[in-house]
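**Q** First, the structure itself, so that you have it in front of you.
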Amino acid sequence: MSTATFVVAATSSEVLNVIAAFVGGLIIAGALIWAVQFGMKVRDRELPRPNPDEQPHLPDGGAVREMREMREPDEVPHTEGGERLMPYELHPSGTKTGQDQHRRRWLPGSSGSFGGGGLGRL
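Sequential numbering of the sequence shown, starting at 0, is according to numbering that gives the first Met the number 0.
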């Protein structure tokens, strides 16, 4: 084969690549347009949004207050004779209400966190 044949073959494959990329782009664009139209149809079939007077609101007594308490770990009980504990013998939570409910406050002069850059307790 001559050089001219290779040039024509290379040029035709480049043209085919461009046409394939263009057709692929058209297919993707068509799929996106179809997806948007489908989503609009689904949204039209949904129930209407509630009016502002139908929205949830605070109870008459005001906002519900949260309960703060100090928690401490609830240790796994030790068994006598090496018997195995069953799940129903364990407590439902890993923590329990602490004996000391005094909340420890931040002390001035102590760093706020590990690596906080403060001098620490003096």
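Each residue gets a CB set at the ideal place from its N, CA and C atoms; glycine is no exception.
As the structure is a computational prediction, the values presented were derived from the model and not from experiment.
Starting from the C-beta of Lys95, find all residues in its chain whose C-beta is less than 6 Å away, skip the five residues before and the five after it, and write them out in chain order.
**A** As a first step, residue 95 must be located in the sequence shown, where it is residue number 96. Excluding residues within five positions, the ones whose Cβ falls inside 6 Å are Asp73.
**Q** In three-state DSSP terms, what is Arg48?
**A** Your numbering for residue 48 matches position 49 in the sequence shown. Here Arg48 sits in coil by DSSP.
**Q** Take Met143 as the anchor and find which of Leu89, Gln100, Ala20 has the nearest alpha-carbon.
**A** Here the chain has residues from 0 to 121 only, and residue 143 is not among them.
**Q** Could you tell me the alpha carbon to alpha carbon distance between Thr10 and Ile27, rounded to whole angstroms?
**A** The sequence position of residue 10 within the sequence shown is 11, counting from 1. The sequence position of residue 27 within the sequence shown is 28, counting from 1. Rounded to whole angstroms, Thr10 to Ile27 spans 26 Å at the Cα level.
**Q** For Arg95, which beta-bridge partners are listed by DSSP?
**A** As a position in the sequence shown, residue 95 is number 96, starting the count at 1. It should be noted that the sequence gives Lys, not Arg, for residue 95. BP columns for Lys95 point to Glu71.
**Q** If you run the structure through DSSP and keep just helix, strand and coil, what is Pro86?
**A** Here residue 86 refers to the residue found at position 87 of the sequence shown. Here Pro86 sits in helix by DSSP.
**Q** Distance check for Val75 and Glu82, CA to CA, integer angstroms please.
**A** Working through the sequence shown from its first residue, we reach residue 82 at position 83. Working through the sequence shown from its first residue, we reach residue 75 at position 76. Cα to Cα, Glu82 sits roughly 13 Å from Val75.
**Q** What residue ranges within the region 15–44 form continuous beta strand (DSSP E) runs of no fewer than 3 residues, ordered along the chain?
**A** Listed in chain order, nothing qualifies, since the region 15–44 has no complete beta strand (DSSP E) run of 3 or more residues.
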